[in-house]
Amino acid sequence: MLLDQTVVSGIGNIYADEALWAARLHPETPADTLSTRTVNRVLAEVRAVLEKALVEGGTSFDEQYVNVNGEAGYFAHSLNAYGRTGQPCARCGTPIVRVSFMNRSSHFCPRCQRPL
Ligand SMILES: [Zn+2]
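Here it is in structure tokens:
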């Protein structure tokens, strides 16, 4: 649902992966099974991740995305899940895994983010 642009717009793969990692929620958890409390926790993490990314100038992987001064963002250095397949989870050390669904891929920690 985080990636469904008809529900909430502007959260891409990177920030969805990061917010779910922070909220310790498995990426394939159906949204309609979540309690109001959990939904609020996820939304708070989305907000926190986006704010942190803004402060760090966004997430740049190449020279295509730079600011007016030609500088790349630094958020790529702060990623905990996205693009970190096989690297240890910053919280528990378990290797991050990547799964594909809905024509996208999702990165998560199989230990911290267990299916409900
Ligand atoms: Zn973990």
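Residue numbers (this note's numbering): 81 to 196. Even glycine gets a Cβ: it sits at the ideal position worked out from N, Cα and C. Note that the structure is a prediction, hence the values are computed from the model and not measured.
Out of curiosity, what's the CA-to-CA distance linking residue 124 and residue 87? Your numbering for residue 124 matches position 44 in the sequence shown. Your numbering for residue 87 matches position 7 in the sequence shown. Going by the C-alpha atoms only, they are around 16 angstroms apart.
With distances taken from CA atoms, which of 196, 195, 187 and 191 is nearest residue 99? For this step, residue 99 is matched to residue 19 along the sequence shown. Comparing Cα positions, the closest option is 187.
Flag this pair as touching only if the segment 170-184 and the segment 143-158 have three or more C-beta atom pairs under 8 angstroms; answer yes or no. no
Just to confirm, does residue 171 get its C-beta within under 7 angstroms of one of the non-hydrogen atoms of ligand 1? One-based indexing of the sequence shown puts residue 171 at position 91. Residue 171 Cβ: within cutoff of ligand 1.
Taking C-alpha atoms, which residue in 103, 185 and 171 lies nearest to residue 121? The count along the sequence shown starts at 1 and reaches residue 121 at position 41. Among 103, 185 and 171, the Cα nearest to that of residue 121 belongs to 103.
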